């Protein structure tokens, strides 16, 4: 009867000292892999296209910078009711206060500028202006022929990064704008500074348009109110003249040329018929009312209208020196980067070394395991061949 082959038993337990011995035994694998990792990292660090990043910081301005918008005449609007009766008790116009025409505080101005600076539409417009300049260097770095216009635009938008104090426990109000560009540090700085100027100018134009629109709206509103007061006055004057002429006719028919009553005889709560003023007085008052129309202006006779016209004159006299207007402050313009943001050479080489060591340890263990497996197989085959 033939004897069975002798099998070699395997111990599946892992001994840390055996692993250390395996690494020592195959140290050249670890060293070689580490050197290879460092060399690859070194090659990448010194051959990869450098990318430069530059930053700028925008902050709010002091309240004194916004005084052109917060002029006293614009802080409140004096308006007069154009209703026919005015105050039901006194019959005079009713004075009301409207909302401010335009009021801008530093925080609101900053938030408006922040919104414009972060706006994709503003960056898109700026990108179009850059390409239209026809500068070959700028175009070559910002536009790739193999990509579509939309893809190039997306890449340009991604070159910007924004960071601010929103949601953070800080009293600082700022916006940090970053821009990254490969190969050309100076161009990266110039583009970011140009974008800041472009966006802030766009924001100032929007503020100016809104300011002038609201100012013109207030002027038109008060001109309409003034016209309503004049119309109301003309209607009342025509009605008064008609009543006077009718009463004068009545007085003439009864030969009442002079006032029929003495003021001391009139009861306070009663008012005598108009014809009792006498024909002479009635005709004289009617003539005076008609004569007003030939004068330069009757506004002085209209209750409340001088207030409106005075306010209108103040609104029309408002002037803003837009050249001196500053809505936000560029606390730090974009500066020329001293070194590329990417690749970070020392970090890349260090990571290459660490990765090489890790891969080297794995390679050494695999090589030791492979050698051990081969030795076991040879022993096994040798023992079986003897038997």
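In our numbering, the protein residues as written are 102 to 488.
Just so you know, even glycine gets a beta-carbon here, dropped at the ideal spot from N, CA and C.
Quantities reported herein were computed from a predicted structural model and do not represent experimental measurements.
**Asked** Who are residue 155's beta bridge partners in DSSP?
**Response** DSSP output for residue 155 lists 280 as bridge partner(s).
**Request:** Please classify residue 432: is it buried, with 16 or more other beta-carbons within 10 angstroms of its beta-carbon, or exposed?
**Result:** With fewer than 16 other Cβ atoms within 10 Å, it is exposed.
**Request:** Assign residue 333 to buried or exposed, taking buried as 16 or more other Cβ atoms, counted over all protein chains shown, within 10 Å of its Cβ.
**Result:** So residue 333 counts as buried.
**Asked** Mind checking residue 188: buried by the 16 CB within 10 Å criterion, or exposed?
**Response** Note that residue 188 scores 45 on pLDDT, short of 50, meaning its location in the model is unreliable; the coordinates nonetheless yield the value given after this. Looking at its Cβ environment, which holds fewer than 16 other Cβ atoms inside 10 Å, residue 188 is exposed.
**Message:** One question on the structure: do residue 162 and residue 427 come within less than 8 Å of each other, judged by their Cβ atoms?
**Reply:** Their beta carbons are under 8 Å apart, which means residue 162 touches residue 427 by this criterion.
**Request:** Classify residue 251 as helix, strand or coil using the three-state DSSP reduction.
**Result:** In the three-state reduction of the DSSP assignment, residue 251 falls in the helix class.
**Message:** Given this structure, state the Cα-to-Cα distance separating residue 400 from residue 410, to the nearest angstrom.
**Reply:** Taking the straight line joining both Cα atoms gives about 9 Å.
**Asked** Shortest alpha-carbon distance to residue 128 belongs to which of 476, 474, 450 and 458?
**Response** When each option's Cα is compared against that of residue 128, the closest is 458.
**Message:** Taking the beta strand (DSSP E) that residue 264 belongs to, which residues open and close that run?
**Reply:** Start and end: 261 to 265.
**Prompt:** By Cβ distance, which residues of its chain are closer than 6 Å to residue 205, with the 5 residues on each side in sequence left out?
**Reply:** Counting only Cβ-Cβ distances below 6 Å, and skipping sequence neighbours, we find 167 and 170.
**Request:** May I ask whether a heavy atom of the ligand MG can be found less than 7 Å away from the beta carbon of residue 460?
**Result:** The model on display carries no ligand, and the ligand MG is accordingly not part of it.
**Contact set for residue 240: own chain, Cβ-Cβ below 7 Å, skip 5 residues either direction** = Result list for residue 240: 232, in chain order.
**Request:** Quickly, what does DSSP pair residue 400 with across the bridge? List them, please.
**Result:** DSSP links residue 400 through a beta bridge to no other residue.
**Request:** In angstroms with no decimal places, state the Cα-to-Cα distance between residue 293 and residue 250.
**Result:** Rounded to the nearest angstrom, the two C-alpha atoms are 21 Å apart.
**Item:** The beta strand (DSSP E) enclosing residue 162, as first and last residue numbers
**Value:** Where residue 162 is concerned, there is no enclosing beta strand (DSSP E), because DSSP gives it neither an H nor an E.
**Reference residue 277; option with closest CA among 288, 391, 290 and 263** = Measuring from the Cα of residue 277, the nearest candidate turns out to be 263.
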